[in-house]
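Novice:
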Amino acid sequence: MSENTTDSNSPKNFIAAIIEKDNETGKYDGRVATRFPPEPNGYLHIGHAKSICLNFGLAKDFGGTCNLRFDDTNPAKEEVEYVESIQEDVRWLGFDWEDRLHYSSDYFDDLYALAVQLIKNGKAYVDSLSAEETREYRGTLTEPGKDSPYRSRSVEENLTIFEGMKNGEFADGEHLLRAKIDMASPNMIMRDPALYRIRKVDHHRTGDKWCIYPMYDFTHCLSDSLEKITHSVCTLEFENNRPLYDWVLENLGVYRPQQIEFARLNLTYTVMSKRRLIQLVEDNQVSGWDDPRMPTISGMRRRGYSPAAIRNFCERIGVAKATNMVDFALLEFSVREDLNETSSRYMGVVNPLKVVIENYPEDKVEEFEFLNNPGNPDAGSRMVPFSKVLYIEREDYMEDAPKKFFRLSVGREVRLRYGYYITCTEAIKDENGEVVELRCTYDPATIGGWSKDGRKVKGTIHWVSVAHAKEVEVRLYEHLFTKENPMDNKDGSDFKDHINPDSLKVLPKCYVEPFLGKVEPGFRCQFERVGYFCVDKDSTAEKPVFNRTATLRDTWKRITKNQK
Ligand code: ATP
Ligand code: MG
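For the sequence shown, our numbering gives the first residue as 918, with consecutive numbering after it.
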């Protein structure tokens, strides 16, 4: 059974409700065919993940199919790199289009023929106004537009010029094929929208075969129609395009899918549109599309988010008609929830402070058994070496510690995870007064972390043996933007004015237990008490690199609790 299926019989969202109804009335003979239609002009982001989960999810829930279709009608901005990354990301998210991989460019011949048919039906004409005149003739939201003098061209003349356009006889912008609808329509989109334009550029799939390219509104509905899509799900900004979607299909008398709009995902502290993300990449504000701070699927993968966490998040936010802003903390909540269940616990020290256990033999090494995941017995265990000199977390020592500080301070005792009780006897400082080393003693009778005399300590801290530890680099991430909605420009600011200068912090000298020195990029784990981490692709055997995926602290629960 699909994890998306709810136990109750009520539909999961308003689109599922529409499909159920269509299935009842037999509108599409019970068939459900959706598609995910990205334009290959950038990498996919978490907003696309919502659309992917929705489209593939509906197909799965209703026993239908979902196509992957590249909406590649704008040759100037599209690249093969994007086509490949998009496929990788959709697959990684856990979805399969099987043999249904399509490109709008595969339909260029069909689309051309359909445009000719529209001209023959008297429903399209070649306009030859300049760009400026076209704008002028278009009218405004409050004033109707006016008919172009070329609107009354004969069918024959239109056919001749359109063919000439195809054959490269004209320059870019010289002519435009437009639908003949209504220049006075209150819906600006219906004022004789452009269907085909001259664009003398090579296309990444069709090469130099075409020098005219179909516009989105003409291509999209017809691609849906040719693929026999039933429910064409898109985001709300296309609501005003729906009449045009229907007009094209109706006036060509072809198979008609129905367009349904839903609210796009907006997330706090980030921007989502590819147009903006590409600027961050090109300006080197980030290391690339897969920078772990990016809201891209590849960035999130590199950061350590799992496909399940992203799918659960998409499920959690639901599908609605009203635009809203989702708190980034909710995404992190889904990430933590997943990692808490699936990741093993290891010891890593990100802010090291040396501890010398004075009464522990110089060359002795013991191995302690650690459960990989105390909440999951199936996760097994491993042996961790212990010796006289350790690293602990600097924050686990405090000079003037308040009573409730249950970690180290001179004279205080603490439990080393699965190890011994140690008591701090002295803090050694450098000439600046900074603590550089702790001297401690251990109690041999507390092996395994329990005292035989029933003496209790409240604090347990993590540690690594200096002689066995692997030095690693740790990268900590914060939000990419300091402003909750960087796109809000009411104050006259640009989204780039709000880039967080502290969104990446590199800690070059951290120490992890031996096992973590040998793991491969993509490996996810928890550093006990510190956070969730994932091995970065920049990792080498000499210098492993760990990205912090998320902190352990859950801000989402705190936010929702405060709201109650
Ligand atoms: P962008 O503005 O980021 O370029 P787009 O809508 O132009 O987004 P497309 O490649 O055209 O990107 O989108 C493919 C599909 O993903 C479309 O159906 C679109 O509606 C959907 N989509 C894009 N952004 C979001 C979002 N933030 N939330 C939900 N769906 C989205
Ligand atoms: Mg787009």
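We treat Cβ as the ideally placed atom computed from N, Cα and C, and that holds for glycine.
Owing to the predicted nature of the structure, the values given are computational and were not obtained by experimental measurement.
Using a threshold of 9 Å, state whether the C-beta atoms of Trp1206 and Gly1221 are closer than that.
Specialist: The answer is no: Cβ separation not under 9 Å.
Novice: Enumerate, from N- to C-terminal direction, the unbroken beta strand (DSSP E) stretches of 3 or more residues contained entirely within the segment 1326–1352.
Specialist: Runs of the beta strand (DSSP E) inside the segment 1326–1352: 1330–1333, 1338–1346.
Novice: For the 8 Å Cβ check, are there 3 or more pairs between the segment 1165–1176 and the segment 980–989?
Specialist: Verdict: no, contact absent.
Novice: Where does Gly1297 sit, in a helix, a strand or coil, going by DSSP?
Specialist: Coil, per DSSP.
Novice: Need the endpoints of the beta strand (DSSP E) that Asn1464 sits in, please.
Specialist: Taken as a continuous stretch (DSSP letters only), the beta strand (DSSP E) holding Asn1464 covers 1462–1467.
Novice: Check Arg1392 in the structure and name its three-state DSSP category.
Specialist: Reduced to three states, the DSSP call for Arg1392 is strand.
Novice: How long is the line joining the alpha carbons of Arg1114 and Arg1210, rounded to whole angstroms?
Specialist: Rounded to whole angstroms, Arg1114 to Arg1210 spans 38 Å at the Cα level.
Novice: Classify Ser1456 as buried or exposed, calling it buried when 16 or more other Cβ atoms lie within 10 Å of its own Cβ.
Specialist: Buried, because 16 or more other Cβ atoms sit within 10 Å of the Cβ of Ser1456.
Novice: Rounded to the nearest angstrom, what separates Pro1103 and Leu1058 at their Cα positions?
Specialist: Their Cα atoms are separated by approximately 7 Å.
Novice: Going by beta carbon distance, what residues of the same chain come within less than 7 Å of Asp1317, once the five residues before and after it are set aside?
Specialist: Here the set comprises nothing.
Novice: Ser1190: beta carbon under 8 Å from a heavy atom of the ligand ATP?
Specialist: Checking the Cβ of Ser1190 against the ligand ATP gives yes.
Novice: By Cβ distance below 6 Å, which residues in the same chain neighbour Ala1226 in space, the five residues on each side in sequence not counted?
Specialist: For Ala1226, where only same-chain residues beyond five positions count, the Cβ hits under 6 Å are Ser1251, Val1252, Asp1255.
Novice: Using only CA atoms, which one of Glu1459, Val1447, Lys1375, Leu1094 lies nearest to Val1267?
Specialist: Comparing Cα positions, the closest option is Val1447.
Novice: I'd like to know whether the C-beta atoms of Leu1564 and Gly1265 end up nearer to each other than 9 Å.
Specialist: Beyond the ends of the chain as shown, which are 918 and 1481, falls residue 1564; an answer cannot be given.
Novice: Out of curiosity, what's the CA-to-CA distance linking Ser1304 and Lys1281?
Specialist: Going from the Cα of Ser1304 to the Cα of Lys1281 covers about 6 Å.
Novice: Examine the ligand ATP and report whether any of its heavy atoms sits within less than 8 Å of the Cβ of Asp988.
Specialist: The answer is yes for Asp988.
Novice: Check whether the segment 1425–1444 touches the segment 1372–1392, counting contact only when three or more Cβ pairs, one atom from each stretch, lie closer than 8 Å.
Specialist: The segment 1425–1444 is in contact with the segment 1372–1392.
Novice: So if DSSP puts Phe1287 in a beta bridge, which residue, or which two residues, is it bridged to?
Specialist: Paired residue(s): Arg1299.
Novice: Name the DSSP beta bridge partners of Ile1274, please?
Specialist: Ile1274 is bridged to Cys1357.
Novice: Keeping to the same chain, check which residues put their C-beta closer than 6 Å to that of Ile1098; ignore five residues upstream and five downstream.
Specialist: Same-chain partners within the cutoff: Met1107, Asp1109.
Novice: For Cys1451, list the residues DSSP reports as bridge partners.
Specialist: DSSP output for Cys1451 lists Arg1441, Asn1464 as bridge partner(s).
Novice: For the segment 1434–1441 against the segment 1415–1423, are there 3 or more C-beta pairs whose distance is under 8 Å?
Specialist: Contact between the segment 1434–1441 and the segment 1415–1423 is absent, because fewer than three Cβ pairs lie under 8 Å.
Novice: Restricting to Cα atoms, I'd like to know which of Asn1241, Ser1047, Ala1467, Pro928 is closest to Glu1249.
Specialist: Comparing Cα-Cα distances from Glu1249 to each of Asn1241, Ser1047, Ala1467, Pro928, the minimum goes to Ala1467.
Novice: Out of Lys1145, Met1100, Asn1038, which has the shortest C-alpha to C-alpha gap to Glu1053?
Specialist: The candidate whose alpha carbon is nearest that of Glu1053 is Met1100.
Novice: So the beta strand (DSSP E) Pro1131 belongs to, where does it begin and stop?
Specialist: Unbroken beta strand (DSSP E) run through Pro1131: 1129–1131.
Novice: So the candidates are Lys1321, Tyr1277, Phe1398; which of them puts its Cα closest to the Cα of Ala1362?
Specialist: Ranking Lys1321, Tyr1277, Phe1398 by Cα distance to Ala1362 puts Tyr1277 first.
Novice: Quick check on the burial criterion: 16 or more other C-beta atoms within 10 angstroms. Buried or exposed for Ile1345?
Specialist: Answer is exposed; the Cβ neighbour count stays below 16.
Novice: How would you write the range of the beta strand (DSSP E) that Ser1149 sits in, first residue to last?
Specialist: Looking at the DSSP string, the run of the beta strand (DSSP E) that includes Ser1149 is 1148–1152.
Novice: Roughly how far, in whole angstroms, is the beta-carbon of Gly1376 from the beta-carbon of Gly1336, given that I think they are within contact range, below 8 Å?
Specialist: Wrong, their Cβ atoms sit about 13 Å apart, outside the cutoff.
Novice: Excluding sequence positions up to five away, which residues of its chain have a Cβ less than 7 Å from the Cβ of Met1242?
Specialist: Closer than 7 Å at the Cβ level, and outside the excluded window around Met1242, lie Asn1183, Thr1185, Asn1402.
Novice: Figure out for me which residue from Gly1056, Gln1034, Ile1003, Ala950 has the closest Cα to the Cα of Val1072.
Specialist: Answer by Cα proximity: Gln1034.
Novice: For the beta strand (DSSP E) containing Ala950, list its first residue and its last residue.
Specialist: Ala950 -> beta strand (DSSP E) spans 950–953.
Novice: Taking all protein chains shown into account, decide if Asp1453 is buried (16 or more other Cβ within 10 angstroms of its Cβ) or exposed.
Specialist: Buried.
Novice: Going by the DSSP bridge assignment, what does Ile1003 pair with across the sheet?
Specialist: Ile1003 pairs with nothing; no bridge assigned.
Novice: What residue from Arg1159, Phe931, Arg1122 has the CA that sits closest to Leu1139's CA?
Specialist: The shortest C-alpha separation from Leu1139 is found at Arg1159.
Novice: Which runs of the beta strand (DSSP E) fall wholly inside the segment 1179–1253 and span at least 3 residues, in chain order?
Specialist: Fully enclosed beta strand (DSSP E) runs of 3 or longer: 1182–1184, 1241–1243.
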